[in-house]
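Trainee:
Residue numbers (my numbering), protein chains in the order written: chain C, 11 to 302; chain E, 27 to 467.
1. Count Cβ pairs between the segment 159-168 of chain C and the segment 241-261 of chain C that sit closer than 8 Å; are there 3 or more?
2. At a CB distance below 8 Å, what residues from the segment 210-240 of chain E approach chain C? Give them in sequence order.
3. Classify residue 449 of chain E as helix, strand or coil using the three-state DSSP reduction.
4. Taking 9 Å as the threshold (beta carbon to beta carbon), is residue 114 of chain E in contact with chain C?
5. Evaluate residue 267 of chain C with the Cβ neighbour count: other Cβ atoms within 10 Å of its Cβ, from every protein chain shown; 16 or more gives buried, anything less gives exposed.
6. State the start and end residues of the unbroken alpha helix (DSSP H) segment that holds residue 380 of chain E.
7. I need the straight-line Cα distance from residue 199 of chain E to residue 281 of chain E, nearest angstrom please.
8. Is there a Cβ of chain B sitting closer than 9 Å to that of residue 128 of chain E, yes or no?
9. I'd like the span of the beta strand (DSSP E) that includes residue 303 of chain E, first residue to last.
10. Within 9 Å of any Cβ in chain E, is that where the Cβ of residue 25 of chain C sits?
11. Do three or more CB pairs link the segment 158-170 of chain E to the segment 191-206 of chain E at distances below 8 Å?
12. What residues match up with residue 347 of chain E in a beta bridge as DSSP calls it?
13. Is the distance from the Cβ of residue 153 of chain C to the Cβ of residue 87 of chain C below 9 Å?
14. Would residue 160 of chain E and residue 306 of chain E be called neighbours here (beta carbons separated by less than 9 Å)?
15. Give me the residue from E/278, E/178, E/162 and E/158 with the minimum Cα distance to residue 9 of chain E.
16. My understanding is that residue 120 of chain C touches residue 173 of chain C, with C-beta atoms under 8 Å, so please give their C-beta distance in whole angstroms.
17. How would you list, in chain order, the residues of chain E whose beta-carbon sits under 9 Å from the beta-carbon of residue 29 of chain C?
18. Checking 9 Å against the spacing of the C-beta atoms, do residue 426 of chain E and residue 132 of chain E come in under that value?
19. Exposed or buried, residue 242 of chain E, counting other C-beta atoms within 10 Å across all chains shown (16 or more means buried)?
20. In or out: residue 313 of chain C buried (at least 16 other Cβ within 10 Å) or exposed?
21. What residues from chain E crowd round residue 169 of chain C, counting only those whose CB sits closer than 7 Å?
22. What's the gap between the Cα of residue 218 of chain E and the Cα of residue 145 of chain C?
23. Can you tell me whether residue 226 of chain E is helix, strand or coil according to DSSP?
24. Taking only three categories from DSSP, how would you classify residue 288 of chain E?
25. How many Å lie between residue 69 of chain E and residue 94 of chain C at the Cα?
26. In angstroms, rounded to a whole number, what distance separates the CA positions of residue 288 of chain C and residue 231 of chain C?
27. Going by CA-CA distance only, name the one from E/110, E/128, E/115 and E/66 that's closest to residue 99 of chain E.
28. Residues in its own chain within less than 8 Å of residue 135 of chain C by CB, not counting five upstream and five downstream?
29. Are at least three pairs of beta-carbons, each pair with one atom in the segment 225-235 of chain E and one in the segment 434-442 of chain E, less than 8 Å apart?
30. DSSP three-state label for residue 102 of chain E, please.
31. Is the CB of residue 300 of chain E under 9 Å away from at least one CB in chain C?
32. Count Cβ pairs between the segment 346-355 of chain E and the segment 246-253 of chain E that sit closer than 8 Å; are there 3 or more?
33. Report the residue from C/148, C/14, C/204 and C/73 whose alpha carbon sits nearest the alpha carbon of residue 277 of chain C.
34. Got a sec: is the Cβ-Cβ distance from residue 191 of chain E to anything in chain C below 9 Å?
35. May I ask you to verify whether the segment 135-142 of chain E touches the segment 80-95 of chain E, counting CB pairs closer than 8 Å and requiring at least 3?
36. Quick one: using the 10 Å Cβ neighbour count with 16 as the cut-off for buried, is residue 49 of chain E buried or exposed?
Written out as structure tokens, the structure reads:
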């Protein structure tokens, strides 16, 4: 590469590099430093505690729960959001007109604040809400939505899935759009069934878009906070205690900045390794089937 | 090659900046001494509550008219993500105010332990404030473990319990129960007449969030133990008998199916529950949103119930009380000016009356029920009278920097599992005590 081109490259990349430096690299170094101290950001003095914060974090029931809860959310949220976004994309795809308008409609929850949606859901699921009154009086069902571990986890996963479905459906719709109609026409001439058409044509050609959606949704799982904070506070009994919730509690309720930084570093490492492994597995799956 | 060098320099510089920032203590002195005209400016952070902000703005303007050499800038405290966190980051960033209100005793303990607060008793004029505001008795409960006073309490919400008087009357009672056995009797009669109603309907009972214990466990514990200190310094001093009695009451209520720990909409207002913890801020809210709730007709207020055999007069209760602090990062001139301002505000009960009228929060002073300045207000607002009367019985939150952990353990190990029937009261208390002692080490 010539020097001139190299300079141009750096020039174009510089806004993002500066952004990354200010908002990612410096905070990361800062956080790493904090994680080895017992500093609360207020005290004029602090002590370097070495790996003590990390050791304490590994022993903490809150951190242990955050680790497992994230994977539980992954198991519930990812299939839920991927299935619902495929369904929405298929429905929109089949519409004769106003596809864009419908997609915007599905996309709107993505723009809604997590606080607002949680507030609405809280009202809907309250003990004396019309929904619960009906379930109790007509069907004899008395469900403690936010008070039992699995139901609470499921409710939070549902809200986030509702929020992201439209966004992912948008990505999948563009995936569908990229599949040429001539392929389907050829398949029809060959007499393939609708089931074969989906599995042998649509799914493989949609795989790149699906891969993106899967990776994005897995990433979302590691950052769940607002809905949990608003609805369950991490309970009942740590059943919905996510990484972000644990970091928030430690940093902003207990003012343990050093300890919270150690948890944040552990969370980042866990997130990176998990996403990396899942990505590799998905790539292998795609390659083995010749989809990517 | 050159660009590589530049990138390396930028990278190294960023690390250096981060490293240097890390070495900062964050406790820089503010630059606000007197300006060339001799005016000292102090920054005042008011609670993120519109009525409180209006009050402080008005008071600050009046003060500056009489004291042109001191300017008080009033601005709302940020609540993002919490008001405590915004103060923490302001101190860390060297932009802490001179004074702020909205500080509870537990947070003040965290701040004072970190040397971020000025001991008010060491500032000139402190004794005058205490005397002119008539708050010597109230202040006794605010002394910190090191013998200093770091907070000037502004208001003291001695929490009370609300009872649905209309439903109690239907059950054959003309006044709220005062003891545990009377309370259980009410619960039994309530379930017999209204199986779908609950004595206490509140999701927080099963939630371990630290502050929620102020409004259930501590209200009952302070009453049962006659205000025994739960933690003193680094020692757990909770009274086992009182604690087990409180947990025992919750266990008995659970067994009687009198507790609803599910999220519900306006449970007390709708009559789903007939008992609820009520602060004075709820009274104007009810008057506006639930005008059908009328004091001494539909609902009434009472001190917390006590275990059988305990005196039912002058029952202690938890006081949700917050106050003013002066930050150590302020300059000496600002600290002096801040004390002058505080002295001026509390030199007359009229400013406390103005506070009461704007916020409905009872000022933390000893003479609230006897001072004629407040008489007309309480005559007009009878539902707030019991709060004024309860001020001397209010026990503020513990002055321990680990209060968040301690209160989380009360919920996690004792209160919540007992309420859910997962533990018996004795085991709950034992487990909680163990966890708290471990945290205090």
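We treat Cβ as the ideally placed atom computed from N, Cα and C, and that holds for glycine.
Note that the coordinates shown come from a computational prediction; the quantities given were computed from them, not determined experimentally.
Mentor: The relevant details are as follows:
1. Three or more beta-carbon pairs drawn from the segment 159-168 of chain C and the segment 241-261 of chain C are found closer than 8 Å, and the two stretches are therefore classed as touching.
2. Taking 8 Å as the Cβ-Cβ cut-off against chain C, the residues of the segment 210-240 of chain E that qualify are 227, 229, 232, 233, 234, 235 and 236.
3. Here the question's residue 449 of chain E lines up with position 423 in the second chain. Coil at residue 449 of chain E, not helix or strand.
4. Counting from one through the second chain, the residue named residue 114 of chain E turns up at place 88. Chain C contact via Cβ: present.
5. The residue labelled residue 267 of chain C in the question sits at position 257 within the first chain. Burial of residue 267 of chain C is indicated by the presence of at least 16 other C-beta atoms within 10 angstroms of its C-beta.
6. The sequence position of residue 380 of chain E within the second chain is 354, counting from 1. 375-385 is the extent of the alpha helix (DSSP H) around residue 380 of chain E.
7. Counting from 1 along the second chain, the entry for residue 199 of chain E is found at position 173. Counting from 1 along the second chain, the entry for residue 281 of chain E is found at position 255. A direct Cα-to-Cα measurement between residue 199 of chain E and residue 281 of chain E gives close to 22 Å.
8. Annotation note: the requested chain B is absent from the structure, which comprises protein chains C and E.
9. By one-based count along the second chain, residue 303 of chain E stands at place 277. Start and end: 301-304.
10. Start at 1 with the first residue of the first chain, and residue 25 of chain C comes out as number 15. Answer no: the Cβ-Cβ gap between residue 25 of chain C and chain E never drops below 9 Å.
11. The segment 158-170 of chain E, when compared against the segment 191-206 of chain E, does not touch it at the 8 Å Cβ threshold.
12. Here residue 347 of chain E corresponds to residue number 321 of the second chain, with the count starting at 1. In DSSP, residue 347 of chain E forms a bridge with E/182.
13. In the first chain, residue 153 of chain C corresponds to position 143, counting from 1. In the first chain, residue 87 of chain C corresponds to position 77, counting from 1. Pairing residue 153 of chain C with residue 87 of chain C gives a Cβ-Cβ distance that is not under 9 Å.
14. Numbered from 1 along the second chain, position 134 holds the residue referred to as residue 160 of chain E. Numbered from 1 along the second chain, position 280 holds the residue referred to as residue 306 of chain E. No Cβ-Cβ contact shorter than 9 Å links residue 160 of chain E with residue 306 of chain E.
15. Outside the modelled stretch of chain E, which goes from 27 to 467, sits residue 9 of chain E, for which no answer is possible.
16. By 1-based counting over the first chain, the position of residue 120 of chain C is 110. By 1-based counting over the first chain, the position of residue 173 of chain C is 163. Sure, about 6 Å apart at Cβ, within 8 Å.
17. Start at 1 with the first residue of the first chain, and residue 29 of chain C comes out as number 19. Within 9 Å Cβ-Cβ: nothing; residue 29 of chain C doesn't reach chain E, min ~12 Å.
18. Position 400 of the second chain holds residue 426 of chain E. Position 106 of the second chain holds residue 132 of chain E. Yes, the pair counts as a contact, with Cβ atoms nearer than the cut-off.
19. To locate residue 242 of chain E, count along the second chain from 1; it is residue 216. Result: buried.
20. Beyond the ends of chain C as shown, which are 11 and 302, falls residue 313 of chain C; an answer cannot be given.
21. Translated into positions along the first chain, residue 169 of chain C becomes position 159. Chain E residues near residue 169 of chain C: none, gap ~14 Å exceeds 7 Å.
22. Walking along the second chain from the start, residue 218 of chain E turns up at place 192. Walking along the first chain from the start, residue 145 of chain C turns up at place 135. Using only the alpha carbons, I get a separation of about 24 Å.
23. Taking the first residue of the second chain as position 1, residue 226 of chain E is located at position 200. Under the three-state reduction of DSSP, residue 226 of chain E is assigned to strand.
24. Position 262 of the second chain, counted from the first residue, corresponds to residue 288 of chain E. Residue 288 of chain E: coil per DSSP, three-state reduction.
25. Counting from 1 along the second chain, the entry for residue 69 of chain E is found at position 43. Counting from 1 along the first chain, the entry for residue 94 of chain C is found at position 84. Cα atoms of residue 69 of chain E and residue 94 of chain C: separation of roughly 52 Å, rounded to the nearest angstrom.
26. Residue mapping note: residue 288 of chain C aligns to position 278 of the first chain, counting from 1. Residue mapping note: residue 231 of chain C aligns to position 221 of the first chain, counting from 1. In a straight line, the C-alpha of residue 288 of chain C is about 13 Å away from that of residue 231 of chain C.
27. The residue you call residue 99 of chain E lines up with position 73 of the second chain. Comparing Cα-Cα distances from residue 99 of chain E to each of E/110, E/128, E/115 and E/66, the minimum goes to E/66.
28. As a working note, residue 135 of chain C is residue 125 in the first chain. Apart from the 5 residues on each side of it in sequence, residue 135 of chain C sits with its Cβ closer than 8 Å to the Cβ of 141, 142, 155, 156 and 165 in its chain, given in chain order.
29. Between the segment 225-235 of chain E and the segment 434-442 of chain E there are three or more inter-stretch CB-CB distances shorter than 8 Å, so the stretches are counted as touching.
30. Taking the second chain and counting its residues from 1, one reaches residue 102 of chain E at position 76. Of the three classes helix, strand and coil, the one that applies to residue 102 of chain E here is strand, per DSSP.
31. One-based indexing of the second chain puts residue 300 of chain E at position 274. Taking Cβ atoms only, chain C never reaches closer than 9 Å to residue 300 of chain E, which makes this a no.
32. These segments do not touch.
33. On the first chain, residue 277 of chain C is found 267 positions in, with the first residue counted as 1. With distances taken between Cα atoms, residue 277 of chain C lies closest to C/73.
34. Within the second chain, the letter at position 165 stands for residue 191 of chain E. So no, residue 191 of chain E is outside the interface.
35. Because the criterion of three Cβ pairs below 8 Å is not met, the segment 135-142 of chain E and the segment 80-95 of chain E do not touch.
36. As a first step, residue 49 of chain E is located in the second chain; it is residue number 23 there, counting from the start. Because the pLDDT of residue 49 of chain E is 45, which lies under 50, any placement of that residue in the model is unreliable, and the number read from its coordinates should be weighed accordingly. Looking at its Cβ environment, which holds fewer than 16 other Cβ atoms inside 10 Å, residue 49 of chain E is exposed.
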